[in-house]
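Undergrad:
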Amino acid sequence: MKHQDALDLLARETARAGRLIALERALRAGLWLLLALGAWAVIALIGLHDRLNLLGQSITACAALAGFAWLGLRSVRAWRRPTREEARARLAVDSALDAGAFEALEDRPTRYDAFSVALWRRAHDRALEQAGTARAGLPRPRLDELDRYKIRYILLAALALGFVAAGESAPDRLARAFAPDPGPLLGDRDMAIEAWLAPADYTHAAPISLSDRLGETIATPPSVEATVRLTGPVGAPLLVYEGSGERREVRFSRGADGAWEAQMALPGAGRLRVVRFHTRAAWRIAPAADRAPRTAFTAPIEHLADERATIYWRAEDDFGVRSLA
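By the numbering used here, the letter at position 75 of the sequence shown is numbered 81, and the numbering carries on one by one without gaps.
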């Protein structure tokens with residue numbers, strides 16, 4: 007290997023070894039921050055945070071963020087940037103070489119007599135050979151020294167179970183836990199929601215109440231219109247629909263009785279949410295398929311006198327037939 011090629015390879019692997027040391031130190035310094043974040047996420051995912059009232063949720067979220075900031079500051083102060091010498095030493099260890107294996111690449115003969123130059127050349131060639139095989143290894147943060155009881159693995163398992171338990175509510179629960187809701191600080195109170203779905207007239211179906219079915223999947227006729235009335239917020243929330251490849255939103259307006267009210271025709275299956283800074287209520291809407299009407303002749307056409315004919319037919323539809331055009 008040429009001298010410059012060896013130096014370039016050594017520089018790349020030294021930089022990689024330095025990044026490995028930096029990563030290891032970051033993991034060690036930030037371990038308690040990561041554990042705290044994971045524990046708070048588990049609390050949010052399994053729904054414990056949601057059991058508090060709005061003000062309690064905001065206060066605990068603010069307290070959690072303050073704790074994370076303090077732990078983060080401690081982590082930053084504890085972290086040290088690795089030096090070039092530390093990176094070289096790490097590279098030598100990963101490559102099973104002596105700590106000073108690469109020093110000869112940058113040395114020059116102290117004397118230029120034949121014997122001294124021969125010794126330098128031998129050491130230089132040896133260093134070139136070792137530089138060609140030097141490779142930085144994998145990170146070794148040694149977290150067991152700080153986490154003897156393997157809490158990090160327990161948290162990972164709990165996070166996985168939490169995401170399964172939360173289902174599609176996971177993003178909303180995490181948002182409320184990690185982004186404090188300013189609503190209570192502005193005067194919002196707990197929401198009282200009255201909501202229902204009105205099926206289209208042709209279905210002859212009765213309205214479907216949503217008030218006591220928060221978070222549930224609602225089976226409906228094909229075409230429905232949602233009406234949501236609520237009290238509690240001092241500002242207008244949004245009624246948001248997401249599904250069938252589109253997103254719709256309607257801002258609530260004040261009704262004659264002072265309650266907030268919004269209506270929206272739902273185009274198909276999707277998720278209906280009430281949003282005031284964060285999702286406050288949600289339903290999964292699952293309308294039934296609206297099959298096309300079916301018609302058929304039931305008997306051969308009877309030809310009568312005077313160019314008249316009798317036609318026997320039937321028509322069917324999921325919700326009945328009023329006329330045939």
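Built from N, CA and C at the ideal position, the CB exists for glycine as well.
(1) For the putative contact between Met270 and Ala232, defined by C-beta atoms under 8 Å, what is the C-beta separation to the nearest angstrom?
(2) So, Trp202 versus Leu191, is the Cβ gap smaller than 7 Å?
(3) Going by DSSP in three states, Trp202 sits in which element: helix, strand or coil?
(4) Indicate the three-state DSSP secondary structure (helix, strand or coil) for Pro293 in the structure shown.
(5) Grab the span of the alpha helix (DSSP H) containing Gly4 for me, first residue to last.
(6) Mapping the DSSP letters down to three states, classify Gly249 as helix, strand or coil.
(7) Identify the residues that DSSP records as bridge partners of Glu308: which are they?
(8) Among the residues of its own chain, which have a CB less than 7 Å from the CB of Glu417, if the five just before and after it don't count?
(9) Pull up the distance between the alpha-carbon of Arg279 and that of Arg257, whole angstroms please.
(10) If you follow the beta strand (DSSP E) that Leu40 is in, where does it begin and where does it stop?
(11) Excluding the 5 residues flanking Ser64 on each side, which residues of the same chain have their C-beta closer than 6 Å to its C-beta?
(12) Using the Cβ count rule (16 or more neighbours within 10 Å means buried), how would you classify Ala35?
(13) Name the two residues that bound the continuous alpha helix (DSSP H) containing Phe383.
(14) Does the separation of the CB atoms of Pro145 and Leu29 fall below 7 Å?
(15) Buried or exposed for Leu54, going by 16 or more other Cβ atoms inside 10 Å?
(16) Cβ-heavy atom distance between Trp38 and the ligand ATP below 6 Å?
(17) Keeping to the same chain, check which residues put their C-beta closer than 7 Å to that of Ala84; ignore five residues upstream and five downstream.
(18) On the CB-based measure, 16 or more other CB atoms within 10 Å of its CB, does Tyr159 come out buried or exposed?
(19) Taking C-beta to C-beta, are Arg94 and Thr20 nearer than 7 Å?
(20) Between Phe74, Asp56 and Arg31, which has its C-alpha nearest Ala42's C-alpha?
(21) Tell me which same chain residues have a C-beta within less than 7 Å of the C-beta of Ala181, skipping the five on either side of it?
(22) Got a sec, what are the start and stop residues for the alpha helix (DSSP H) Ala181 sits in?
(23) Given that a residue counts as buried once 16 or more other Cβ atoms are within 10 Å of its Cβ, and exposed if not, what is Thr223?
(24) In this structure, how does DSSP classify Val280 when only helix, strand and coil are distinguished?
TA: Judging by the given coordinates:
(1) Residue mapping note: residue 270 aligns to position 264 of the sequence shown, counting from 1. Residue mapping note: residue 232 aligns to position 226 of the sequence shown, counting from 1. Going by Cβ atoms, the distance from Met270 to Ala232 rounds to 5 Å, so yes, they are a contact pair.
(2) Translated into positions along the sequence shown, residue 202 becomes position 196. Translated into positions along the sequence shown, residue 191 becomes position 185. The answer is no: Cβ separation not under 7 Å.
(3) Here the question's residue 202 lines up with position 196 in the sequence shown. Strand, per DSSP.
(4) Within the sequence shown, numbered from 1, the residue matching residue 293 stands at position 287. In the structure shown, the three-state DSSP call for Pro293 is strand.
(5) Outside the modelled stretch of the chain, which goes from 7 to 331, sits residue 4, for which no answer is possible.
(6) Mapped onto the sequence shown, residue 249 falls at position 243. Residue state, collapsed to three classes: strand.
(7) As a working note, residue 308 is residue 302 in the sequence shown. Thr316.
(8) Since the displayed the chain opens at 7 and closes at 331, residue 417 lies outside it and no answer follows.
(9) Here residue 279 refers to the residue found at position 273 when the sequence shown is read from its first residue. Here residue 257 refers to the residue found at position 251 when the sequence shown is read from its first residue. Each residue's Cα considered, the two are about 12 Å apart.
(10) On the sequence shown, residue 40 is found 34 positions in, with the first residue counted as 1. Note, Leu40: premise wrong, no beta strand (DSSP E); alpha helix (DSSP H) at Leu37 to Leu51.
(11) In the sequence shown, counting from the first residue as 1, residue 64 sits at position 58. Excluding sequence neighbours, Ser64 sits near Pro186, Asp187 and Pro190.
(12) Against the sequence shown, residue 35 aligns to sequence position 29. By the neighbour-count rule (16 or more Cβ atoms within 10 Å), Ala35 is buried.
(13) With the chain represented from 7 up to 331, any question about residue 383 goes unanswered, as that position is not in the structure.
(14) Against the sequence shown, residue 145 aligns to sequence position 139. Against the sequence shown, residue 29 aligns to sequence position 23. Closer than 7 Å, so yes.
(15) As a working mapping, residue 54 is identified with position 48 in the sequence shown. Exposed.
(16) This structure simply doesn't include the ligand ATP, nor any ligand for that matter.
(17) As a working note, residue 84 is residue 78 in the sequence shown. Counting only Cβ-Cβ distances below 7 Å, and skipping sequence neighbours, we find Ala35.
(18) What you label residue 159 is simply residue 153 of the sequence shown in a count that begins at 1. Note on Tyr159: under 16 other CB atoms within 10 angstroms of its CB, so exposed under the neighbour-count rule.
(19) Within the sequence shown, numbered from 1, the residue matching residue 94 stands at position 88. Within the sequence shown, numbered from 1, the residue matching residue 20 stands at position 14. Going by C-beta atoms, Arg94 is nearer than 7 Å to Thr20.
(20) Residue 42 sits at position 36 when you count from the first residue of the sequence shown. Among Phe74, Asp56 and Arg31, the Cα nearest to that of Ala42 is on Phe74.
(21) Position 175 of the sequence shown holds residue 181. Excluding five sequence positions before and after Ala181, the CB atoms of its chain that fall closer than 7 Å to its own CB belong to His284, given in chain order.
(22) Within the sequence shown, residue 181 is the residue found at index 175, counting from 1. It spans Ala176 to Phe184 - the alpha helix (DSSP H) in which Ala181 sits, taken as one unbroken run.
(23) Stepping through the sequence shown from its first residue, residue 223 is reached at position 217. Thr223 comes out exposed.
(24) Start at 1 with the first residue of the sequence shown, and residue 280 comes out as number 274. In the structure shown, Val280 sits in a strand (DSSP, three-state: E or B).
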